[in-house]
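Asks: Below you'll find the structure I mean.
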Amino acid sequence: MARILIVEDDENITKMIEAALSIVGHTFASCADGKSAVDMILYGGYDLVLLDIMLPGEDGFSVMEQVRHKETPVIFLTALQDVSDKVKGLRLGAEDYIVKPFEAVELLARIEVVLRRVHKSNSLLTYDDIVVDVDRHTVTKGGTAITLTPREFELLVFFMQNVDIALTRERLLASVWGYRFEGESRTVDIHVQQLRRKMGLKGKLITIPKLGYRLEKGR
């Protein structure tokens, strides 16, 4: 799970973000002004920063300019909707730019995308005799190529990136299908069943009653 810093001066928004992060197991800290944010980003060891732009004292753009050498991924959260503001934020090095108001499920989906992109350097994933090459979009089991649908592939990658972690159906929907997906959790169940069968994961990709699924640690 990721360690995330929330930089937001609206207490209600901060509480909403904290609640959303808690649901999926991320840990977090928060602050409400630019100066504190700079110190916490430089010395706090965070995996991701959610950074408001309109802050007391130094604004989010100023904060970003001071910490960009740290290379900690940043998602801007802001009420500013002008394209010029978005372009400025992205040029400063932000990974994403989310305009308020936003839904918690959208935020979680964007966070997952950024975290996956940041850690993409580890493009070769292994689990027992399963090898997934994320960049080449290939899957082998025991040296034999396995054909998966694009959604099954994304689901397998997500499980392999979160081994031994309980994943709710809601989190799987947000992270694999994306926040725009409006289907029911039954869709997750069907895809997991197919993935379990194709990859020979019976007894390893287990169902957690009333919650979701977990890929057990490999041998």
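Going by our numbering, the first residue of the sequence shown is number 1206, and it counts up by one from there.
We put the beta carbon where it would ideally sit given N, CA and C, even for glycine.
Predicted, not measured: the structure shown is a model, and the values here were computed from it.
Using DSSP with H/G/I as helix, E/B as strand and the rest coil, what is Arg1322?
Replies: Three-state result, Arg1322: helix.
Asks: Indicate whether the contact test is met: 3 or more Cβ pairs, each with one atom in the stretch 1372–1384 and one in the stretch 1340–1347, closer than 8 Å.
Replies: No: the two stretches stay apart, fewer than three of their Cβ pairs being nearer than 8 Å.
Asks: Whole angstroms are fine: how far does the CA of Asp1238 sit from the CA of His1342?
Replies: Their backbone Cα atoms lie some 42 Å apart in a straight line.
Asks: Rounded to the nearest angstrom, what separates Arg1419 and Gly1262 at their Cα positions?
Replies: If I take the Cα positions, the gap works out to 44 Å.
Asks: Could you tell me if Asp1301 is buried or exposed, where buried requires 16 or more neighbouring beta carbons within 10 angstroms of its beta carbon?
Replies: Buried, since its Cβ has 16 or more Cβ neighbours within 10 Å.
Asks: Would you decide whether Val1308 is buried or exposed? Buried here means 16 or more other CB atoms lie within 10 Å of its CB.
Replies: Per the sequence presented here, residue 1308 reads as Glu, with Val not at that position. Looking at its Cβ environment, which holds fewer than 16 other Cβ atoms inside 10 Å, Glu1308 is exposed.
Asks: Given a threshold of 16 other Cβ atoms within 10 Å of its Cβ, counted over all protein chains shown, does Ser1227 qualify as buried or as exposed?
Replies: Ser1227 is exposed by the Cβ-count criterion.
Asks: In the DSSP assignment, find the unbroken alpha helix (DSSP H) run with Gly1175 in it and report its ends.
Replies: With the chain covering 1206 to 1424 only, the question about residue 1175 has no answer from this structure.
Asks: Considering only residues of the same chain and omitting the five flanking positions on each side of Lys1220, which have a CB-CB separation below 8 Å?
Replies: Result list for Lys1220: empty, nothing under 8 Å.
Asks: Taking Lys1415 as the reference, which of Asp1333, Arg1391, Glu1213, Val1272 has the closest Cα?
Replies: Of the candidates Asp1333, Arg1391, Glu1213, Val1272, the one whose C-alpha sits nearest the C-alpha of Lys1415 is Arg1391.
Asks: Buried or exposed for Ile1280, going by 16 or more other Cβ atoms inside 10 Å?
Replies: Flag for Ile1280 reads buried.
Asks: Just reading off the alpha helix (DSSP H) that Phe1358 is part of, what are its end residues?
Replies: Note, Phe1358: alpha helix (DSSP H), 1355–1366.
Asks: DSSP three-state call for Tyr1248: helix, strand or coil?
Replies: Note: Tyr1248 maps to helix in three-state DSSP.
Asks: Rank Ser1289, Leu1282, Leu1320 by C-alpha distance to the C-alpha of Lys1305 and give the top, closest one.
Replies: The candidate whose alpha carbon is nearest that of Lys1305 is Leu1282.
Asks: Going by the beta-carbon positions, is the gap between Asp1184 and Asp1214 smaller than 8 Å?
Replies: Not covered by the structure: residue 1184. The range shown for the chain is 1206 to 1424.
Asks: Taking just the CA atoms, how far does Lys1293 sit from Ser1328?
Replies: Looking at the two C-alpha atoms, the distance is approximately 30 Å.
Asks: Should Tyr1248 go down as buried or exposed, given a rule of 16 or more other Cβ atoms within 10 Å for buried?
Replies: Its Cβ having fewer than 16 others within 10 Å, Tyr1248 is exposed.
Asks: Is the beta carbon of Leu1330 less than 8 Å from the beta carbon of Met1365?
Replies: Their beta carbons are under 8 Å apart, which means Leu1330 touches Met1365 by this criterion.
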